[in-house]
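Report on the structure given below.
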Amino acid sequence: MANFSSLAARARYAVPQGLPLKLGVLLVIGVLIAGPLLRVLFETLPPQTIAAWSDVVISPLSRNLLWVPLTNTLILGVGVACGCVLIGGFLAWLVVMTDVPFRRTIGLLATLPFMIPSFATALAWGSLFRNSRVGGQTGFLEGLGLPVPDWLSWGMVPTLIVLTAHYYSLAFTVIAAALATVNSDLVEAAQMTGAKRGRIFAGIILPVALPAIVSGASLTFAGAVSNFAAPALLGLPVRMQTMATRLFGMIEIGQTARGYVIAILLIVVSAVFLWFGNKIISGRRSYATITGKGGRAKRFELGAARLPLLAIAVVICVLTTIVPVIVLIASSLAPSSSALFSDWTLHYWLGASNPAIAQGQAGVFHNPFIVSATSTTVSLGLVVAVTGSVLGLMVAFTLARYRAGFLSGVINQLAFLPLLVPGIAFGAAYIALFGAPIGPFPALYGTFTLLVIAGTAYLVPFSVQTGRAVIQQVSGDLDESARLTGAGFFRRLSAITIPLASRGLAAGAIIIFVKIMRDLSLVVLLFTPTTPVLSVLAYRYASEGFTQFANAITVVILIISIAATLLANRLQTKSQPWLKN
Amino acid sequence: QDLDSMSAQELLPLAQEEGTVTVYSFTSRIAAVEAAFEAKYPGIDLVGYDASSTEQIARLNAESAAGIASADVVYISDAPVVLTELLETGLIEAYVPPRVADLVPDEFTSPLLAQRLSTKVLMYNEEASPDGAPVDNLWDLTREEWNGRVVMVDPLQRGDYLDLMVEFVLRSDEMAAAYEAEFGEPIALDSGVESAGMQFVTDLFANDVVLVSSTDDVNAAIGSLGQSNPPIGFTSYSDRRDNEDEGWALQVANDVAPSNGIIFPALLALAADAEHPAAARLAIDFLMGDDSETGGEGFAPFYVAGDYATRTDIVSHPDAVPLEDFSAWRIDPAATAEIRQDVADMILILQ
Amino acid sequence: MITISNLTKSFGDFDAVKSVSLSVPEGSFLVLVGPSGCGKSTMLRMLAGLEKPTGGTIAFGDKTVSDGERGWTIEPAQRDAGLVFQSYALWPHMTVAANVEWPLKVARMLPAERKARVTEVLSLLGIEKLSHRYPNEISGGQQQRVAIARMIAPKPRILLFDEPLSNLDAKLRVEMRTELLRVHRATGATSIYVTHDQVEAMTMASHVAVLKDGEVEQFGAPEDLVSRPGTAFVATFVGTPPANLVPVAPAGSGVTMAGRAMEATFPLERPAQAMFRPEDLTVSDTAGPRTIAMEFAEASPVAGRMMVTGTRDDLRLTAVVDSAPRFAPGDPVHFTLPETPAALFTPEGERLS
Amino acid sequence: MITISNLTKSFGDFDAVKSVSLSVPEGSFLVLVGPSGCGKSTMLRMLAGLEKPTGGTIAFGDKTVSDGERGWTIEPAQRDAGLVFQSYALWPHMTVAANVEWPLKVARMLPAERKARVTEVLSLLGIEKLSHRYPNEISGGQQQRVAIARMIAPKPRILLFDEPLSNLDAKLRVEMRTELLRVHRATGATSIYVTHDQVEAMTMASHVAVLKDGEVEQFGAPEDLVSRPGTAFVATFVGTPPANLVPVAPAGSGVTMAGRAMEATFPLERPAQAMFRPEDLTVSDTAGPRTIAMEFAEASPVAGRMMVTGTRDDLRLTAVVDSAPRFAPGDPVHFTLPETPAALFTPEGERLS
Ligand SMILES: Nc1ncnc2c1ncn2[C@@H]1O[C@H](COP(=O)(O)OP(=O)(O)OP(=O)(O)O)[C@@H](O)[C@H]1O
Ligand SMILES: Nc1ncnc2c1ncn2[C@@H]1O[C@H](COP(=O)(O)OP(=O)(O)OP(=O)(O)O)[C@@H](O)[C@H]1O
Ligand SMILES: [Fe+3]
Ligand SMILES: [Mg+2]
Ligand SMILES: [Mg+2]
């Protein structure tokens, strides 16, 4: 990376603009992403496994193995992406561009759902809408004597809703970052035409934030199609399978090749959607909303609509954050998972080892593993957030500044794929590729470094998507005027682009941080006992049936995530004085 | 000298020289073992990696591709997959400590050493059925009465449930007999169905078996207190030990024809090219328990009701049905591995 | 009728507009002129309803639309006003045609009519060929014309222009101002127009307000401003080229002008500033009894004559002469002042005579 | 010495700059003028190295810095050129002072020196009081001055200005152009300056290039352009006000001028365009033998005279007269043409005499 940029800066005779940068970026993501991906692909190609392709695609099995799950997955992906963009976009507008009361609080709440594991959201759904199909405890509504039909308890509808409730905060974060950069004169020009708020929102604000919307839609689409927990919890009882549950199952029962084929097909299908989204925003049209003429930041006055809109926002936030958080916290306090709100005990948090409970496991605050795992996890989170953001920034910058061209298309697609690759496949590929020494590079196996590199590659799509959306809104002449001063690439990046895009970049960093804190599948293959991480501990407990401990750890992760977000918000407002109202 | 034939005392100095031993374990109870091991054999650091069987397999495969020997001991479930994916490919090797060779029945020493047995068996809610299991024959589950009221984990999501399905097929003769006992007529197979066992699986799915994603979901569904008409389902017998904590009333249905489910091994093996061969053997020896009735420190974490030691000299947990009275089928991993994928394919079509 | 009373706007503790009062009848063409940063754009933004006044009121007809004291203001959407932003504020994601069309869509104009109107205004502004380009694909002047087109397309009742022709070449500017005037007259709308171009101000305005530091310095008909500037500031601000101001002081029987003693043909008791129109000054390369020595700064042909400028310290004199010797920058040049100044102002700038 | 040869720039199939060749010695002040969209900004951007030419070369001294054919161009960073963007391109996240200071930081100027330089240029441009504001807290003209300050602060060897004074009031503009010229002379830098202001062009330029549709229409000293325009286009484009063009055609022994038969004192064989300077025309409210009837469009005092414009269809005539009757828009006004045109051009615009 370093040599390329300096090359770009020093080259006497620059080749086509952006080419060195593109090649550099391509090289890095080629090594970090394409390499592992190709390895996954090759896993499916040897003679003994090649049959997996025909099994999956053209055999009597393919209906249930591929087509039905694929249909469900696409419905989920598209549905969730639409829902998330709508809800996230609405909240982002409210928080960023209007004078709705409690903006900060709403803004914080709207970033939370993503930090709450989706299983908690699914459980929260269950605690309200679960019917007696599966048995066990029924939900609140049935408790009131209201029969809940299966379609509302299980299957597509609840999965859609739960995933939307879980992922909309991704869309919110990306879109909010983009809206924060919209010059108010664009909006004012629309106001002058006599357009109503809704019209301005739909006709001006959303379209200028289109890159962010496409990013938000892409991220939430990828999230929805690769989410396992919600469809497994809510879909399986009515035999609804998605690509993710199938994929997981196939790997779990030892049919790895088929699993990988499914993963590759999922990637291919998603790539089509991504290509489409990219197509929309890579045309001639510009989204430069931060211009060199210093536009003002101004808020819409909502007038009479203030309170009703506040009410809507509050309902969304309460349902999608407060309820799951309560369920999650309750499940770390209640000894019985079937009665979440009775017999609460702090044992799982504070208790000393008591042989009568959970085989003598001490509460999380007394558990030396958890203490050390917390610090490892946080450092891993921080490091990966930094490396992921840096790499993401390079990719995002390249994509935003040099939108057209085949190379950009390739970079864009590659930089998105890790979202769709099962972590276990990615992790295994990483061990195989980087475990052994390569040339002068030492073997990374079992090192923190490998965890960082893999985590970076795995999570870079988040920073790419969030960063690119915002960078695309920075008018090109701002960078050009810096070029004229003789400033090198990195100098310009750090002094001009990063501060202007900081909100988007910070959003990407936070998402990466949260993701790596919670991610299991990738980490579980790469971690070493000397570097225990919280997610692995939570998995340990859950697999032993100590769900309260697992949930307590999840709450710890949640608290750290919220703290990180608050901190970032803090820095954010401090670091962007020109955006003050 | 051949390490395989050495006793623990002979291995110890070599192991101490090696200084460390890495165990890949599918259960986090390895942490307790680590403490006990290090207390007993100071100077040897036992390093435990927690990872599910699937992850262990993925990891071992990837490591071998990269030429890394990280694991010394593999403690793993999912026997049928392990046989094909790890043993046949030479990634792991069998080892039976000479000390226990005679104490463990042959079926549990070959092809790999089994340390203990776990179960996936039919369980019911004893609060709702205080007089014993509501069914006495597996085929009861295919009756209208149990439509939508049998719960299990999706066998295409979890290997052990798939093994359970495979076992039905492997035991087709017994299933056919049970059918006749239940319905008073010989079984008639649907077209395309080749065995009584497969017919059972087919009928079970046709009877709207409810699939969930984890055993805890099964337990909560079946076991939760206060249900008037709880479902029934397949889960781990050992989960009964959580009844009190969780507010469950799980009980095993032991008197079920022809069997209530499967009992299957947790395996211990040496990683091929282990870097610490002596310590690895010592660790396996330790994990097999000492000569006391309960297996002592090394086995303590696994001495729970519902799990059974393979060592005949370790007595079954007092709170559980003794192993000899337990009606579950012992799986034959090799036979299972052979038809596992075919059964999975058929279930796939049923879904 | 637009009535502005005591209009004030503060940003923090900086007063951008200070208690401005003026009113113009409906159909007027009010031109705002004033130095950079004097509050012109802020005035327009308040008239548009984009900025809430900190004090004072604005009324359209007899309907108050903004009230600073009571802190309310009618939505821009309900004012039927259009604004050409100084920054253009084109929507970057829409083509030129779409930029112009969008306001018409909002106004629910029928599609066919809409297309026709878009074509009409685009060709009015000479940019019909660019209709499918995006704003980042056209030149600065073209962008500016798109901004005008977008504003006038829906025919608002009040037209607000913030330096709308500043990036156009002289020739086009002349044509455009004719077109804008035509639009103004055709719709009978009231226009408020900010410009730095004196000729625009003179030819377009029915009323001119000269602003300085957020206050109205003089308000009146354009000719009056030139012929009878109310303050020294106005004198140096309007006119092509604007008038010269020379510090004068009584000295014995005569006066000193720019430090040089001369005979006086006008009474003077205190130091003052004398206004001389450029066309009343002459230049030569030799000193004379009524000359002031300056350094030659620049010369430029204007209206068939020569405009010569000389500077000395802070003093700057411009003469318009039929012919002038050739000077090089820095050469001494002598400006002959007429005997009687066109006007006298106090040192503070108030008019004396 | 800046040498531009056959410089071409196409955007897709649109040629913004077409085979432009010209060269100016070091220290020159080259002014580019031309109608909106003729490629001026594109030229500057190519000179700055921001845009790669599609064809032709640019050389600074004898070092080629851009080569369109071979598709390479030296990085802007290595050209030691500064550009005032037409869009200002201020960094919105930096205060005014920081905007000006950043390039100095990049140039590794010492902090103390840097602060001094920032203060110096800010006060040169009269915006020292705004140093702690952000670009969105200052007016358009103030932003424009910040853009200039930022560009000149590091004293680049080549100064590129894209309409740098367009948003300033007339008075300030006059002062600023003096300052810019001073900067230009003090540093001995070569300047290339785009403007629409005729006076700026005339007073500042050592060389003027008139561009039209991406091509150089005429290149020369400013006075030559006014006194001897090479094409009809240049004639109507330069000068304050620019010259009039009247279609003439031979008719019997005389000619028709703008359709009206008149006696001719000049030989004419084919239809042509005759150039008349505004100061050679007179106006009256009655027709005469050599008058052309127009509709009165506007009148404005200029340099102590009156500039009167009349239009008829596409014809637009401007006269500068010492005094004129009062007209209302639309009134008939008769322009008297002198007997001999100042120049004759073919209908295609080429100069005949
Ligand atoms: N990306 C583009 N695609 C197509 N045409 C373009 C593009 N950029 C500029 N042009 C065209 O190139 C021509 C020259 O543009 P340029 O900005 O150089 O004009 P200019 O002379 O600076 O005009 P102005 O005085 O209005 O600023 C214009 O006609 C413009 O429409
Ligand atoms: N947000 C703000 N905070 C502080 N001062 C401001 C702010 N916005 C504008 N100003 C100041 O208010 C004054 C008036 O600004 P305005 O934009 O109205 O000037 P203008 O007359 O339009 O000038 P120009 O001709 O340069 O465009 C300026 O001095 C400007 O610096
Ligand atoms: Fe240890
Ligand atoms: Mg302004
Ligand atoms: Mg331009």
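Chains as they are written, first to last, in our numbering: chain A, 10 to 590; chain B, 144 to 494; chain C, 17 to 369; chain D, 17 to 369.
We put the CB at the ideal spot given by N, CA and C, even for glycine.
What you are looking at is a predicted structure, and each value in this text was computed from that prediction instead of being measured.
Check	Outcome
Buried versus exposed, by CB contacts within 10 Å (16 or more), leucine 408 of chain A	buried
Alpha-carbon to alpha-carbon, threonine 182 of chain A and glycine 390 of chain A	19 Å
Beta-carbon gap between valine 105 of chain A and alanine 185 of chain A smaller than 8 Å	yes
Start and end residues, alpha helix (DSSP H) containing valine 199 of chain D	186–203
Proximal residues to valine 247 of chain A (C-beta, below 7 Å), its chain only, five neighbours per side dropped	Asp159, Trp163, Gly164
Shell residues, 5 Å Cβ cut-off relative to heavy atoms of ligand 1	C/Glu153, C/Ile154, C/Ser155, C/Gly156, C/Gly157, D/Phe27, D/Phe30, D/Ala32, D/Ser52, D/Gly53, D/Cys54, D/Gly55, D/Lys56, D/Ser57, D/Thr58
The stretch 486–500 of chain A touching the stretch 513–526 of chain A, judged by at least three CB pairs closer than 8 Å	no
Three-state secondary structure assigned by DSSP to alanine 151 of chain B	helix
Whole-angstrom distance between leucine 117 of chain A and isoleucine 271 of chain A, CA atom to CA atom	37 Å
Cβ-based contacts, 9 Å cut-off: residues of the stretch 151–171 of chain B near chain A	Thr165, Phe169, Thr170, Ser171
Neighbour-count burial assignment, asparagine 376 of chain A, 16 or more Cβ in a 10 Å radius	buried
C-beta atoms of threonine 43 of chain C and threonine 272 of chain C nearer than 8 Å	Note that residue 43 of chain C corresponds to glycine in the displayed sequence, not to threonine. No.
Beta-carbon neighbours of phenylalanine 286 of chain A, restricted to chain D and to distances below 8 Å	Reading off the sequence shown, one finds glycine at residue 286 of chain A, where the question assumed phenylalanine. What glycine 286 of chain A touches in chain D: nothing, since even the nearest Cβ is about 24 Å away.
Supposed close pair alanine 441 of chain A, alanine 194 of chain B - CB separation, criterion 8 Å	With a Cβ gap of about 16 Å, alanine 441 of chain A and alanine 194 of chain B do not count as contacting.
Any non-hydrogen atom of ligand 5 within 7 Å of aspartate 621 of chain A CB	Outside the displayed range of chain A (10 to 590) lies residue 621 of chain A, so it cannot be described from this structure.
Test: serine 21 of chain D CB closer than 8 Å to a CB of chain A	no
For histidine 109 of chain D and aspartate 385 of chain B, the rounded distance between their alpha carbons	60 Å
Residues that glutamate 97 of chain C bridges to, as DSSP identifies them	Here residue 97 of chain C turns out to be alanine, not glutamate, going by the sequence shown. The partner list for alanine 97 of chain C (beta bridge, DSSP) reads C/Ile174.
Cross-strand partners of valine 264 of chain C (DSSP beta bridge)	C/Met273, C/Ala288
Cβ distance (whole Å) where serine 315 of chain B is taken to contact phenylalanine 407 of chain B below 8 Å	Actually they are not in contact, since the Cβ atoms of serine 315 of chain B and phenylalanine 407 of chain B sit about 19 Å apart, beyond 8 Å.
C-alpha distance - glutamate 489 of chain A paired with leucine 66 of chain D, whole-angstrom precision	7 Å
Cβ separation of glycine 72 of chain C and methionine 17 of chain C, assumed to be a contact under 8 Å, to the nearest whole Å	No, glycine 72 of chain C and methionine 17 of chain C are not in contact; Cβ-Cβ is about 17 Å, not under 8 Å.
Among C/Thr80, C/Leu60, C/Asp31, the one whose alpha carbon lies nearest that of proline 19 of chain C	Note that residue 19 of chain C is threonine in the sequence shown, not proline. Per the Cα distances, C/Thr80.
Environment of alanine 93 of chain C [buried if 16+ CB atoms lie within 10 Å]	buried
Isoleucine 338 of chain A at chain D interface by Cβ criterion, 8 Å	no
Assumed close pair valine 349 of chain C, phenylalanine 343 of chain C - CB separation to whole angstroms, cut-off 8 Å	6 Å
Check whether asparagine 81 of chain A and threonine 251 of chain A have beta carbons under 8 Å apart	yes
Anticipated Cβ contact below 8 Å, phenylalanine 312 of chain D with leucine 38 of chain D, distance rounded	Going by Cβ atoms, the distance from phenylalanine 312 of chain D to leucine 38 of chain D rounds to 41 Å, so no, they are not a contact pair.
Three-way DSSP call (helix, strand, coil) for leucine 157 of chain B in this model	helix
Buried or exposed (CB count within 10 angstroms, at least 16 for buried), glutamate 233 of chain C	buried
Per-residue contacts from proline 119 of chain C into chain A (C-beta, under 7 Å)	Thr202
Stretch pair the stretch 259–273 of chain B + the stretch 444–457 of chain B: three plus CB contacts closer than 8 Å	yes
Nearest-angstrom Cα separation, counted from threonine 334 of chain C out to arginine 19 of chain A	Residue placement at arginine 19 of chain A is flagged as unreliable, the pLDDT there being 38, under the threshold of 50; the coordinate-derived value follows with that caveat. Cα to Cα, the separation comes out at about 50 Å.
Range covered by the alpha helix (DSSP H) that runs through phenylalanine 343 of chain B	339–349
Close Cβ partners of proline 354 of chain D (< 7 Å) along its chain, the five nearest in sequence each way excluded	Phe292, Asp296
Meets three-Cβ-pair contact criterion under 8 Å: the stretch 187–206 of chain A and the stretch 288–308 of chain A	yes
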